[in-house]
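S.K.:
Printed below as a string of structure tokens:
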């Protein structure tokens, strides 16, 4: 018989913790929540202070029975669910089910699953924090009221399977509003003049800046011609040289949001995948002789704070590996986002000494890539700033001013380990200019006027959308991944080339919500609601008051929507082809994975086909079919013959209507980081890369 019973959320976590605590402790897993609101009904009594009706989750009866049996044999029970609102609520539900006094010292929390952190946390058990529980309960009830009250109206008026939610509806609105901005965007013309200069044998680039020292725009070709007429010959005089030393500071350690953004940029991970792998790294990985070890701290956080112990360890590591000059000096305390709860540290490795190469053999490819990202970001955050030499040169000819800029890394600092990515995917590179002095003569090789047009704002990627939601104060770290997953499953948006595009269904549902429930998609309202939930957590306000204030107006809107919302018929769009089974016209339909073609004679004929796009290239393998663009189950584009399965031609690269001049095989376009390269499918023939 064990003296103590410890209940955590997952079996992986239980296995790691039991090893650290020793024989007197038995660690069991609740497998997440054991109680929740029922799925078959709203489960909230709106007439009696929004009293929730909790039931044991279906399938959890045997888990609860096992926990009760173990609880009877233990002298004391510790509830060690995750250190956040959700974890506190799980502990509260467990205390209720196992008859544990919530005011007793039954709750244990830790930010990392390491031997020292676990042992230290068990020295300081505490009571369950009911303010945290109430904040989670308020969110759960609020979301239940919105979802279970609006969704049935949408089923009735539009189609079954739809849903509405506070965070998901705002996310859809952001995507649809951005699409409208793109459609309404009117491009404006502007020009630039680029040139290559020679100083001796050295060549460098410069761009037109202005006239007589003043910056001058180039709105049209006429203005460009005036500038070019003023240039006399190809000799320019260096009129000004500015040299500076610039410092570049490292990025702060990861929060949940920034981890999701950077994993999307650098690893091409979806938010859901990032969180799943981070959970595995947090709960523990079997490191052979060292046993199961939690490799990172808790991955749901909005704080960039680092413990003193972790800071001291990483600074010593940096000094040992790179030298004292690479360690950061005394750091100013990092200013937290005003909306940050700052409940936990930033996401970091549990030990900086455990570098990615030392654990490589124990991790899967994706686990290693994410761990490497977290480790490098953390280590670099504690390193010295990079120092760059920058140089700006003005070159003049008859009052016409061109400007060239360059920079070179003088001291790499944190850049030795890691450089933060950006949404455009463009890496900064050294571009050093030749040694120039005022009065020097340089010669222009060419003057190339280039026409440009202003571009509309970009569509949201997952990274951009998460960043926007966070900056707007909408949702919390744990909500982003499931929100993005839900709006795609409901068919409100689709992903094209990793960017969100609203569907017709998304437009229809948003307009109905905009008309009858405007507060649900109001960014400011949703952000203020998050602040109110934070006030519940801080004990400043009662959760019932939050729900009551919201529900008064919401109940009136529900009655109005039920009576006045008109039914919407989503008509099937003709596909322009006939069914090859029964000859009836095919139509486009919307499914959970996007649009597809189906026979209009359903249910008599159940023929369906994926939507394919003819790219205008004949199949080189069978010579009868045409190459079409298709999408895999994971939404990845590939190219195949329309005569499949008779012809099995397949390519991940886009074929083009030209053959290789060396071997007469089909040429394809390969997408590279810097652009597109045409190459042969058979031999080593390659053409110059296109931007």
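In the numbering used here, the protein residues as written are 3 to 693. We treat Cβ as the ideally placed atom computed from N, Cα and C, and that holds for glycine.
1) Are the stretch 453–465 and the stretch 171–180 in contact at 8 Å, needing three or more beta carbon pairs?
2) Could you name the residues that DSSP lists as bridge partners for residue 395?
3) Provide the residue(s) that pair with residue 567 in DSSP beta bridges, ordered along the chain.
4) Determine the DSSP secondary structure at residue 193, reduced to helix, strand or coil.
5) Around the Cβ of residue 685, are there at least 16 other Cβ atoms within 10 angstroms (buried) or fewer (exposed)?
6) Run through DSSP, which three-state label would residue 58 get?
7) Would you check if there are 3 or more beta carbon pairs closer than 8 Å linking the stretch 85–97 to the stretch 504–520?
8) If we count the other Cβ atoms within 10 Å of its Cβ and call it buried at 16 or more, is residue 612 buried or exposed?
9) Among the candidates 117, 153, 129 and 395, whose CA atom is the shortest distance from the CA of residue 107?
10) Quick one: residues in its chain with C-beta nearer than 7 Å to the C-beta of residue 302, no 5 flanking neighbours on either side, listed in chain order?
11) Would you mind reading off the limits of the beta strand (DSSP E) that contains residue 454?
12) Within its chain, find whatever has a CB closer than 7 Å to the CB of residue 695; leave out the 5 residues flanking it on each side and keep chain order.
13) Report all residues from its chain with a CB closer than 8 Å to the CB of residue 334; omit the five preceding and five following residues, and keep chain order.
14) Roughly how far, in whole angstroms, is the beta-carbon of residue 631 from the beta-carbon of residue 614, given that I think they are within contact range, below 8 Å?
15) Who are the Cβ neighbours of residue 367 in its own chain at under 6 Å, not counting the five residues just before and after it?
16) Compare the C-alpha of residue 369 against each of 323, 281, 326 and 309 and name the closest.
17) Quick check: what's the CA-CA separation for residue 20 versus residue 100?
18) Please state the DSSP three-state secondary structure of residue 383.
19) Going straight from the alpha carbon of residue 664 to that of residue 397, what length do you get?
20) Measure the CB-CB distance between residue 483 and residue 206 and report whether it falls below 7 Å.
21) Closer than 6 Å by C-beta to residue 82: which residues in its own chain qualify, once you throw out the five before and the five after it? Chain order, please.
22) Among 408, 284, 420 and 143, which residue has its Cα nearest to the Cα of residue 387?
23) Ignoring anything shorter than 4 residues or poking outside the stretch 10–96, list the alpha helix (DSSP H) runs there in chain order.
24) Going by C-alpha distance, which of 18, 403 and 583 is nearest residue 215?
25) Taking only the alpha-carbon atoms, compute the straight-line gap between residue 560 and residue 652 and give it to the nearest angstrom.
26) For residue 256 and residue 264, I'd like the C-alpha separation in whole angstroms.
27) Rounded to the nearest angstrom, how far is the Cβ of residue 569 from that of residue 159, given a contact under 8 Å?
28) Per the DSSP calculation, residue 588 is bridged to which residue(s)?
29) Considering only residues of the stretch 284–358, which uninterrupted alpha helix (DSSP H) runs meet the minimum length of 4 residues and lie entirely inside it, listed in chain order?
30) Terminal residues of the continuous beta strand (DSSP E) containing residue 661?
31) In chain order, what residues of the same chain have a beta carbon less than 8 Å from the beta carbon of residue 321, not counting five sequence neighbours either side?
32) With a threshold of 8 Å, are at least 3 pairs of Cβ atoms found where one atom belongs to the stretch 185–194 and the other to the stretch 210–227?
33) By DSSP, does residue 421 sit in helix, in strand, or in coil?
34) Does DSSP put residue 685 in a helix, a strand or coil?
35) Where does residue 137 fall in DSSP's three states?
36) Measure the C-alpha to C-alpha separation of residue 661 and residue 679 and round it to an integer number of angstroms.
M.R.: Once the coordinates are examined:
1) yes
2) 243 and 406
3) The partner list for residue 567 (beta bridge, DSSP) is empty, contrary to what the question assumes.
4) strand
5) exposed
6) strand
7) no
8) exposed
9) 129
10) 86, 258, 479 and 480
11) 443–455
12) Since the first and last residues shown for the chain are 3 and 693, residue 695 lies out of range.
13) Interpretation of residue 334 is limited by its pLDDT of 46, a score under 50 that renders its predicted location unreliable; the figure taken from the coordinates is listed afterwards. Result list for residue 334: empty, nothing under 8 Å.
14) 6 Å
15) none
16) 281
17) 21 Å
18) helix
19) 46 Å
20) no
21) 8, 10 and 110
22) 420
23) 13–23 and 63–75
24) 403
25) 52 Å
26) 9 Å
27) 5 Å
28) 601
29) 310–324
30) 656–661
31) 328 and 329
32) yes
33) coil
34) coil
35) helix
36) 14 Å
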